[in-house]
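Participant: 11 is the number of the first residue of the sequence shown in this note's numbering; add one for each residue after it. Take a look at the following structure, please.
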Amino acid sequence: MPRRRRSTQRQRRLGAELRRLRIEAGITTDEAGRLLAMDRTRLANIESAIRNITPERVEVLLNAYVGEETPYTRALIALATPHRRGWWESYRETLSPGMLDVAEAEWHARRILTVQSIHVPGLLQTEDYARAIFAAVLPPVPRLDIEIRVRHRVERARVLEGPDARPYIGYIHEAALRMQFGGRGTMKKQLEALVSASERPDVTLRAIPFEAGSLPGADHALLFCEDAVPELDTAQIDTAHGPGFVHTQPELEKYRAHLGWMEKNCLSPQSTRDLMQTLIHEL
């Protein structure tokens, strides 16, 4: 089990889940290491996602930690199963790990939900709109880096295309629909793209109207990726230092409550399309 050059969010999640289960089972790192014929340091490195672990060894640990096969344990074993290199790996040397982790989380999700207060959802941004957002970053981003980021952002939309398109729900504040990143022409084309996307069977867009007043989590964007089992759902919020991932059950329940509020207080999909059509005619 060689050391990794750099771990991904999903690999770190597997390590964190194994550590939590070990502690809950009252098993020490020495005891768990003996199950795999390794010392405690190697076991700790697995839990920290510094070293790889095979699905077979994950199964050995889960038999000791949990004692029975469940959808959750099967999903954990699947996390350790090697996969083909994702398309995002081609950006490994040019983009931050956080940007790649976002693309990976979306790719492996069973359903994707987002909440946006300032920008339209990244998965539905046009090239010109995305370019305007990156061009507004301070300190300025070099032009070549902007183009790399735009290309990566557009490629993320693959998860919403084809026979394996993930169901997607996007909650967008009315402010984000009115802010003219890139100018009137760019925003008009962006709104037209949103209307078109909202007519696809797997895409649901719902606007948060100004009349809704205050809303939970207004100070950050939210990406919520539902996994094969709820225990492995992942929430990602934007921070000043880049994407931040949360996965403890209390944190996940908090963001599920945020999404529940959106479900109750947002405009219907048709009313959202009507609003966007109105804004298009105003531009």
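Here a beta-carbon is modelled for each residue, glycine too, at the ideal position from N, C-alpha and C.
1. Taking the Cβ atom as the reference point for each residue, do Arg163 and Gly132 lie within a distance shorter than 8 Å?
2. Alpha carbon to alpha carbon, what distance is there between Ile158 and Gln200?
3. Identify the continuous alpha helix (DSSP H) that holds Gln19 and give its terminal residues.
4. Considering only the alpha carbon of each residue, which of Thr244, Val213, Asp248, Leu215 lies closest to Gly227?
5. Could you tell me the boundaries of the beta strand (DSSP E) in which Ile156 lies?
6. I'd like the list of long-range same chain contacts for Ser17, defined as Cβ closer than 6 Å, with 5 residues on each side in sequence excluded.
7. Count the other CB atoms within 10 Å of the CB of Ala267; is the residue buried (16 or more) or exposed (fewer)?
8. Across the stretch 81 to 94 and the stretch 52 to 71, are there enough close Cβ pairs to call them in contact, namely three or more that are closer than 8 Å?
9. Quick one: using the 10 Å Cβ neighbour count with 16 as the cut-off for buried, is Leu46 buried or exposed?
10. May I ask you to report which of helix, strand or coil DSSP gives Phe234?
11. Give every residue of the same chain whose Cβ lies closer than 6 Å to the Cβ of Ala231, excluding the five residues on either side of it in the sequence, and list them in chain order.
12. Rounded to whole angstroms, what's the CA-CA distance from Pro294 to Val239? Just pull it up for me.
13. Val256 bridges to which residues according to DSSP?
14. Is it buried or exposed for His291, if we count other Cβ within 10 angstroms and need 16 for buried?
15. CB Leu134 to CB Ala203, shorter than 8 Å?
16. Anyone know if the C-beta pair for Ala217 and Leu277 falls short of 8 Å?
17. Any idea if Pro149 is buried or exposed, counting beta-carbon neighbours within 10 angstroms, 16 or more meaning buried?
18. My assumption, with CB atoms under 8 Å, is that Tyr101 sits in contact with Leu31. Please give the rounded CB distance.
19. Buried or exposed: which applies to Thr258, given that a residue is buried once 16 or more other Cβ atoms fall within 10 Å of its Cβ?
Facilitator: So, to answer that:
1. Within the sequence shown, numbered from 1, the residue matching residue 163 stands at position 153. Within the sequence shown, numbered from 1, the residue matching residue 132 stands at position 122. Going by C-beta atoms, Arg163 is nearer than 8 Å to Gly132.
2. In the sequence shown, counting from the first residue as 1, residue 200 sits at position 190. In the sequence shown, counting from the first residue as 1, residue 158 sits at position 148. Computed Cα separation, rounded: 20 Å.
3. Position 9 of the sequence shown, counting from 1, holds the residue named residue 19. Taken as a continuous stretch (DSSP letters only), the alpha helix (DSSP H) holding Gln19 covers 19 to 34.
4. Here residue 227 refers to the residue found at position 217 of the sequence shown. The shortest CA-to-CA distance from Gly227 to any of Thr244, Val213, Asp248, Leu215 is the one to Asp248.
5. Translated into positions along the sequence shown, residue 156 becomes position 146. From DSSP, Ile156 is part of no beta strand (DSSP E) but of the alpha helix (DSSP H) over 153 to 166.
6. For this step, residue 17 is matched to residue 7 along the sequence shown. Same-chain partners within the cutoff: Ala59.
7. Translated into positions along the sequence shown, residue 267 becomes position 257. When all chains shown are included, Ala267 counts as exposed.
8. Touching, yes.
9. The residue labelled residue 46 in the question sits at position 36 within the sequence shown. Result: buried.
10. Position 224 of the sequence shown, counted from the first residue, corresponds to residue 234. DSSP places Phe234 in strand when its eight states are reduced to three.
11. Reading the sequence shown from its first residue, position 221 is the one you call residue 231. Beyond the five residues adjoining it in sequence on each side, Ala231 comes within less than 6 Å, by CB distance, of Gln126, Asp248 in the same chain, given in chain order.
12. Limits of the chain in this structure are 11 at one end and 293 at the other, which puts residue 294 out of reach.
13. Here residue 256 refers to the residue found at position 246 of the sequence shown. According to DSSP, Val256 bridges with Ala245.
14. The residue labelled residue 291 in the question sits at position 281 within the sequence shown. Exposed is the call here.
15. Residue numbering aside, residue 134 sits at position 124 when the sequence shown is read from its first letter. Residue numbering aside, residue 203 sits at position 193 when the sequence shown is read from its first letter. Yes; because the gap between Cβ atoms is below 8 Å, this pair is in contact.
16. Here residue 217 refers to the residue found at position 207 of the sequence shown. Here residue 277 refers to the residue found at position 267 of the sequence shown. The Cβ-Cβ distance between Ala217 and Leu277 falls below 8 Å.
17. Counting from one through the sequence shown, the residue named residue 149 turns up at place 139. Exposed, since its Cβ has fewer than 16 Cβ neighbours within 10 Å.
18. Numbered from 1 along the sequence shown, position 91 holds the residue referred to as residue 101. Numbered from 1 along the sequence shown, position 21 holds the residue referred to as residue 31. Incorrect: roughly 33 Å between the Cβ atoms, too far for contact.
19. Reading the sequence shown from its first residue, position 248 is the one you call residue 258. It is exposed - the Cβ of Thr258 has fewer than 16 other Cβ atoms within 10 Å.
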